[in-house]
Amino acid sequence: MAKMKFLCDAERCIECNGCVTACKNENEVPWGVNRRRVITLGDGEVGEKSISVACMHCTDAPCSAVCPVDCFYTTDDGIVLHDKDLCIGCGYCFYACPFGAPQYPAEQAFGVRGKMDKCTFCAGGPVDDNSVAEFDKYGANRVSQGKLPLCAEMCSTKALLAGDGDMVADIYRERILKRGDRPQTWGWEKAYGSAV
Amino acid sequence: MSSNTATANAEKSRRRFKAMGWSILLIFACAIILPATSYLIPTETAQAQVVDDKNQRANFWRAVREGGSGYSSVKGPETGVFIQNGGQNWRQLRNGPISTYGGWALILAVLGCIGFYLVRGKIKIDAEISGRKVQRWETWERFMHWFTAAGFVVLAITGLSMLFGRLVLIPVLGPEGFSLWANMSINVHNVVGPFFSIGVLAMFLFWAKNNLFNAVDMKWFSSGGGIIGSAHPSAGKLNGGEKVWFWVVILVGLIAVCGSGFALIGWLAQLGIGDETRATMQFMHKVHAIGAILWIVMFFGHAYIGTVGTEGALEGMATGKVSAEWAKQHHDLWYDEVKDKAVQDEPAAAGPGVSQPSTSTT
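From first to last, the protein sequence lines stand for chains U and L.
The first sequence begins at 1 in our numbering and counts up by one.
The second sequence begins at 1001 in our numbering and counts up by one.
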C-alpha cells in the first residue's frame, strides 16, 4: 500500500507561497487558519532556503498519541486524519506536534478554541467522500478523485512533491543524480555563482 | 695513577648517568608535549572547518532540527519555527510517567484509605456524648469551604477525564459518548477553575494565620499525629496534619495548579505574564497535571479523615458546631480556650423556639 508523503525540495522552493494560497482556496479553510505555510531560513541572506510546511502525516503521530478523545486515525494510504465531530478543541495536538500543523479557528474567553483544523493531504475526513458535510468540515477530497494535494500539484517549481513516498523518493533521487556532486555544487552557487 | 684512572672512570660514569637521566627526562617531556602540539597548530581544526564547509547544508538543517526559526509570511505565534522539539518530551511525560505513576498514586490513595479503615476503623469519640457543643466554623467559613470543595470535586472529575478518559471512559461510553462528556468536561473545567481559584485564595487570606506552625505541631508530628496507638497528641484549633494539608492546598494547589491553569487558558498571557508558546503550554500542562494529581491524592486523605475516618469531624464543617468531647479529644488546647462558650445542644424532645445563640453560655 502506498504511504503518502510530502517532500519539499529546498533547492527549488522560491517562497512564492503558491502552495499556501492553493490550499486555502481549494479547502476554503477558516479565516485565520493556514494549513500550510512557507518558512524562509536566513531570509535576505546569501544562501537563504525556503521550505513549505504542513502536516507531515507522521507514522507515529504525536497528535494522535496525546488526543484525549482519540479522534485521529491513519488511512490505509498513511494519511493522518481526524474526526471534527469528536474533537473538543483542547489544544493537546498543538502542544505535541513539532511542525505546528494543528490550528484552531478561535480563541475566546476561558480558553475556548473551536475544532482543530489541519492539512488532510486533500483527503477529506471521516464523512461520505465529496459530500457537502465533508467539504464544510475538512475541505476537498482530491485523493478520492485520484488527484494529489493541490499545493503540490500547483507548485510552480515542483519543489513541493506529494504522493506515494516511494515515488516521491525516486523523483528526488533522480534530481540529486542529475544535479550531481555535493550540494554546494548545485542550487544557489550553480545558479548565481559562489561570489554572490 | 690507579687512583687517577679510578677518578676518571667515576667521572665518566657520573657524566653518563647524568646524560642518561636528562635523555629520559627529555623523552618523557617530548612524549607528553609533542602530541599536545596539535592543539597549538591549527591543522586539525582547519580540516574540521573544511569538512563543515563541505557540509554546510547539514549545519543549516541541523539548526532547524534544534528549533531554529525563520521568516514566514503566514503571521501568527511561532509560525517561523519549523520544528518545535518540546512536544515529543511533553508527549512522553504525559503519556508515560504522569499518567502511569499518577494513575497508580490515585488508586493507591483510595486503597490506602480503605486499608486504613479496615485496620484502624473509625476513630470514635472516647467520652460519652453530653450534648454540649462548641462553635468551630463560622457560616462564612463553611460556605468558603464547601464552595471550594464542590469546585474541587467538579474540577477533579473533569480534569481526570481529560487525562484518563481515553483509557477508562471510551470503552464505557464509546467515542461519541465520551466526546460529549469530554467537551462538557473541558468547558466546565475552564469556567469553574477561575471561580474555584477565588475560593482557594480566600482560604489563604482568611485561614493562613491559623495555620502557622508552632511548637505544639512539632510535638504532634514527632508522635505521628496519634495514628498508631490510642494516645492523642495535643493540638490547638488545627493540628499539624491539618496545617500540612492547608499548605499543600496553598503551595501545590493555589500556586502550582491554579497558576498553571490560568496560564493554560491564556489569562496570564493576556495580563502580560509569560506567553502562549508551545514550550510554555507544555511546561504549564506538566505542572498542572502533576500538581493536580498530588492535590487529589492528598484530598482523598482529607476527605477520609473528615468523614468516615473520624467520628464527629464532619459535623464541624456541616453544622459549624462540634461536640465538646470531640473537641477535647482531638483539639484539647483549643477546647481549653473555647470551653466556656460551649452550649447545651437543644434536646430532641424540646420544641422549636428554645434554640440558643451559640455565643451564650449555660
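Here a beta-carbon is modelled for each residue, glycine too, at the ideal position from N, C-alpha and C.
Remember, it's a predicted structure, so these values are computed and weren't measured experimentally.
Nearest to residue i by CA position, among the options, is which residue?
| i | options | result |
| --- | --- | --- |
| residue 1071(L) | 15(U), 71(U), 59(U) | 15(U) |
| residue 1256(L) | 1293(L), 1078(L), 1234(L), 1192(L) | 1293(L) |
| residue 69(U) | 1207(L), 1124(L), 1118(L), 1171(L) | 1171(L) |
| residue 115(U) | 155(U), 18(U), 136(U) | 136(U) |
| residue 1250(L) | 1208(L), 1286(L), 1060(L) | 1208(L) |
| residue 1316(L) | 1265(L), 1160(L), 1146(L), 1202(L) | 1146(L) |
| residue 5(U) | 169(U), 30(U), 31(U), 97(U) | 169(U) |
| residue 1069(L) | 42(U), 55(U), 32(U), 118(U) | 42(U) |
| residue 160(U) | 36(U), 109(U), 87(U) | 36(U) |
| residue 1086(L) | 1004(L), 1339(L), 1286(L) | 1286(L) |
| residue 1245(L) | 1143(L), 1277(L), 1303(L) | 1303(L) |
| residue 17(U) | 54(U), 63(U), 3(U), 98(U) | 54(U) |
| residue 173(U) | 153(U), 2(U), 8(U) | 8(U) |
| residue 1094(L) | 119(U), 109(U), 117(U), 66(U) | 66(U) |
| residue 1192(L) | 1231(L), 1261(L), 1176(L), 1221(L) | 1261(L) |
| residue 101(U) | 57(U), 1(U), 45(U), 88(U) | 57(U) |
| residue 28(U) | 105(U), 144(U), 153(U) | 105(U) |
| residue 1385(L) | 1155(L), 1291(L), 1323(L), 1298(L) | Outside the modelled stretch of chain L, which goes from 1001 to 1362, sits residue 1385(L), for which no answer is possible. |
| residue 1100(L) | 1290(L), 1076(L), 1282(L) | 1290(L) |
| residue 1116(L) | 1091(L), 1308(L), 1036(L) | 1308(L) |
Write down the C-beta distance between residue i and residue j rounded to the nearest angstrom, noting that I regard them as a contact closer than 8 angstroms.
| i | j | result |
| --- | --- | --- |
| residue 13(U) | residue 151(U) | In fact, because the Cβ distance is near 12 angstroms, the residues do not count as touching under 8 angstroms. |
| residue 1331(L) | residue 1219(L) | Actually they do not touch by this definition, with Cβ atoms about 14 angstroms apart. |
| residue 1320(L) | residue 1139(L) | 6 angstroms |
| residue 1082(L) | residue 171(U) | Not a contact, Cβ separation roughly 22 angstroms. |
| residue 1074(L) | residue 34(U) | 5 angstroms |
| residue 1214(L) | residue 1225(L) | Not quite, the Cβ-Cβ distance comes to about 15 angstroms (not below 8 angstroms), so this is no contact. |
| residue 1109(L) | residue 1300(L) | 4 angstroms |
| residue 1163(L) | residue 1181(L) | In fact, because the Cβ distance is near 14 angstroms, the residues do not count as touching under 8 angstroms. |
| residue 149(U) | residue 162(U) | 5 angstroms |
| residue 97(U) | residue 119(U) | In fact, because the Cβ distance is near 11 angstroms, the residues do not count as touching under 8 angstroms. |
| residue 99(U) | residue 1265(L) | Not quite, the Cβ-Cβ distance comes to about 24 angstroms (not below 8 angstroms), so this is no contact. |
Nearest chain U C-beta to residue i closer than 8 angstroms, yes or no?
| i | result |
| --- | --- |
| residue 1045(L) | Reliability fails at residue 1045(L), whose pLDDT of 48 lies under 50, so the model's placement of it is uncertain and the value that follows must be treated cautiously. Not closer than 8 angstroms to any Cβ of chain U, the Cβ of residue 1045(L) fails to qualify, so no. |
| residue 1085(L) | yes |
| residue 1051(L) | Its pLDDT being 49, under 50, residue 1051(L) is placed unreliably by the model, and nothing is read from it. |
| residue 1097(L) | no |
| residue 1274(L) | no |
| residue 1159(L) | no |
| residue 1179(L) | yes |
| residue 951(L) | Residue 951(L) is absent from the model: chain L starts at 1001 and stops at 1362. |
| residue 1062(L) | no |
Quick one: Cα of residue i to Cα of residue j, how far?
| i | j | result |
| --- | --- | --- |
| residue 158(U) | residue 79(U) | 21 angstroms |
| residue 1310(L) | residue 1329(L) | 11 angstroms |
| residue 85(U) | residue 72(U) | 11 angstroms |
| residue 1216(L) | residue 1312(L) | 23 angstroms |
| residue 1107(L) | residue 1160(L) | 13 angstroms |
| residue 1211(L) | residue 1270(L) | 33 angstroms |
| residue 1185(L) | residue 90(U) | 10 angstroms |
| residue 164(U) | residue 121(U) | 12 angstroms |
| residue 93(U) | residue 178(U) | 40 angstroms |
| residue 1033(L) | residue 1014(L) | 28 angstroms |
| residue 1079(L) | residue 31(U) | 16 angstroms |
| residue 1133(L) | residue 1167(L) | 48 angstroms |
| residue 1044(L) | residue 1064(L) | Bear in mind that the predicted position of residue 1044(L) carries a pLDDT of just 47, short of 50, making it unreliable; the figure below should be weighed with that in mind. The alpha-carbon atoms of residue 1044(L) and residue 1064(L) are separated by roughly 27 angstroms. |
| residue 108(U) | residue 1131(L) | 55 angstroms |
| residue 1197(L) | residue 146(U) | 54 angstroms |
| residue 1113(L) | residue 1241(L) | 15 angstroms |
| residue 26(U) | residue 1295(L) | 49 angstroms |
| residue 1009(L) | residue 1022(L) | 20 angstroms |
| residue 1272(L) | residue 1263(L) | 11 angstroms |
| residue 1126(L) | residue 1157(L) | 36 angstroms |
| residue 1137(L) | residue 1333(L) | 16 angstroms |
| residue 1175(L) | residue 81(U) | 16 angstroms |
| residue 1177(L) | residue 1325(L) | 50 angstroms |
| residue 1187(L) | residue 1278(L) | 21 angstroms |
Cβ of residue i less than 8 angstroms from any chain L Cβ?
| i | result |
| --- | --- |
| residue 17(U) | yes |
| residue 173(U) | no |
| residue 97(U) | yes |
| residue 80(U) | no |
| residue 86(U) | yes |
| residue 168(U) | no |
| residue 94(U) | yes |
Contact criterion: CB-CB distance below 8 angstroms. Does residue i meet it with respect to chain B?
| i | result |
| --- | --- |
| residue 134(U) | In summary, chain B is missing from the structure at hand, where the protein chains are U and L. |
Legend entry - Residues, ordered as in the chain, of the region 1064-1075 of chain L that lie near chain U by beta-carbon distance below 8 angstroms: 1064, 1068, 1069, 1070, 1071, 1072, 1073, 1074
Legend entry - chain L contacts from the region 30-55 of chain U (Cβ-Cβ distance under 9 angstroms): 32, 34, 36, 37, 38, 39, 40, 41, 42, 43, 44, 47, 48, 49, 50, 51, 53
Legend entry - Interface positions of the region 62-75 of chain U facing chain L (Cβ-Cβ less than 7 angstroms), listed along the chain: 62, 65, 66, 68, 69, 70
Legend entry - Residues from the region 1093-1127 of chain L in contact with chain U, defined by Cβ distance under 9 angstroms: 1094, 1095
Inset, instruction - Taking only beta carbons into account, state which residues of the region 100-131 of chain U come closer than 9 angstroms to chain L, listed in chain order. - result: 100, 103, 107, 109, 110, 111, 112
Legend entry - Residues within the region 1278-1298 of chain L neighbouring chain U, beta-carbon criterion of under 9 angstroms: 1278, 1281, 1282, 1285
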